[in-house]
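Presented below is the structure to which this report refers.
In my numbering, the protein residues as written are 1468 to 1787.
Here is the structure:
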């Protein structure tokens, strides 16, 4: 029996951070890999077996895949994903006769995940004999197919008190489902993203960073900020020197959504990378009954008192 691929929360968060900040993750065929992507990135990809030639689709136009083969064969162990289960904004480059996607990509934050429906187990030249039929060209295309941009809005704030709301769709678009990137500047700002894997970074000033639905990445940066992730697996990120950071209020930390407090090792230097160990938690983190969270005696965040009573090392991750 094949086991589902899993990562501990620390490793999963580091991978998520890598992709959301502009990295590319290439995933090969296998139902377990599809489940893995779903578990880490909160997608709902539906794996399907494939048994026919795949043809290039219109989404390939304007990408590196437009120079790929017009059709790619049904090599051994080829899989697909139901196109209807792809995230909003995904691009399906090749589809089989059933309309299932065998090569596609979608944005997560500023980065991208690309799915290739073949595993290259019987490929040429890896084993010097075997199958190809254009799949190696598809692999070459996938390595360079990313632009480091979000599929939603990219907004920079000003030095004044800004208010940014991305919950209304443009004509013909469902903007709330895309991944937005909002970087604020000075001032007491309010940024409210829509659905999707949104990234909101505050700055100097008392900011309100609101992610709503989707797996969001929120950082208040400097001064006393309010962070609200909404539904989804949200990461509340702390990466500024504590003397400048202030105390951020995490308004809706949710255990059922698997929310995490993510700490940068550059600031929280006494902590080891990855999922927080019990030793590090006991030695360096204190969670007070009033909801304040301390690192080596310095308060850097607070949550509701009821949440504070239940928090432990499993709710914290340390990244580089």
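Ideal placement from N, C-alpha and C gives every residue a C-beta, glycine not left out.
Whole-number beta carbon distance between residue 1544 and residue 1435, since they are thought to touch under 8 Å: Because residue 1435 is not part of the residues shown, which for the chain are 1468 to 1787, the question remains open.
At a cut of 8 Å, does the segment 1699 to 1713 reach the segment 1737 to 1754 through at least three beta carbon pairs? no
Below 8 Å on the Cβ atoms is my contact criterion, and I expect residue 1568 with residue 1548 to pass it. Report the Cβ-Cβ distance as a whole number of Å. 5 Å
Contact check, residue 1713 vs residue 1689, beta carbons under 8 Å: yes
So the candidates are 1660, 1488, 1723 and 1752; which of them puts its Cα closest to the Cα of residue 1737? 1752
How should residue 1679 be labelled, buried or exposed, when 16 other C-beta atoms within 10 angstroms of its C-beta is the threshold for buried? buried
I'd like the ranges of any beta strand (DSSP E) spanning at least 3 consecutive residues and lying wholly in the segment 1686 to 1736. 1693 to 1695, 1702 to 1705, 1715 to 1717 and 1727 to 1731
DSSP-derived helix/strand/coil call for residue 1547: strand
So, with DSSP's three-state summary, where would you put residue 1664? coil
For residue 1699, count the other beta carbons within 10 Å of its own beta carbon; 16 or more makes it buried, fewer makes it exposed. Which is it? buried
Per-residue burial, residue 1710 [other beta carbons within 10 Å of its own, 16 or more giving buried]: exposed
Cβ neighbour criterion (16 or more within 10 Å) applied to residue 1566: exposed
For residue 1605, the first and last residue of its enclosing alpha helix (DSSP H): 1602 to 1611
Tell me the DSSP secondary structure of residue 1778 in three-state form. coil
Does DSSP put residue 1497 in a helix, in a strand, or in coil? coil
Between the CA atoms of residue 1483 and residue 1633 - distance to the nearest angstrom: Unreliable positioning characterises residue 1633 in this predicted model, as indicated by a pLDDT of 43, which lies under 50. A coordinate reading is not provided.
For a test of the three-state rule: what should DSSP assign to residue 1669, helix, strand or coil? coil
Simplified DSSP assignment, three categories, for residue 1540: coil
Determine the closest residue to residue 1487 out of 1715, 1757, 1579 and 1504, with distance taken between C-alpha atoms. 1579
Of the choices 1667, 1564, 1682 and 1501, whose alpha-carbon is the least far from that of residue 1572? 1501
For residue 1768, count the other beta carbons within 10 Å of its own beta carbon; 16 or more makes it buried, fewer makes it exposed. Which is it? buried
Is it buried or exposed, residue 1720, if we count other Cβ atoms within 10 angstroms and call 16 or more buried? buried
Which residues share a DSSP beta bridge with residue 1481? Paired residue(s): none; residue 1481 is not in a bridge.
Within the segment 1731 to 1767, note down every full alpha helix (DSSP H) run reaching 4 residues or more, in order along the chain. 1745 to 1751
Rounded C-alpha distance that separates residue 1559 from residue 1524: 7 Å
Short of 7 Å in beta carbon distance, which residues of its chain neighbour residue 1765, apart from the five on each side in sequence? Order them along the chain. 1709
CB contact flag (residue 1656, residue 1672, <8 Å): yes
Short check: CB of residue 1734 to CB of residue 1784, under 8 Å? no
Quick one: what's got a C-beta closer than 6 Å to residue 1774's C-beta in the same chain, skipping five residues either side? 1720
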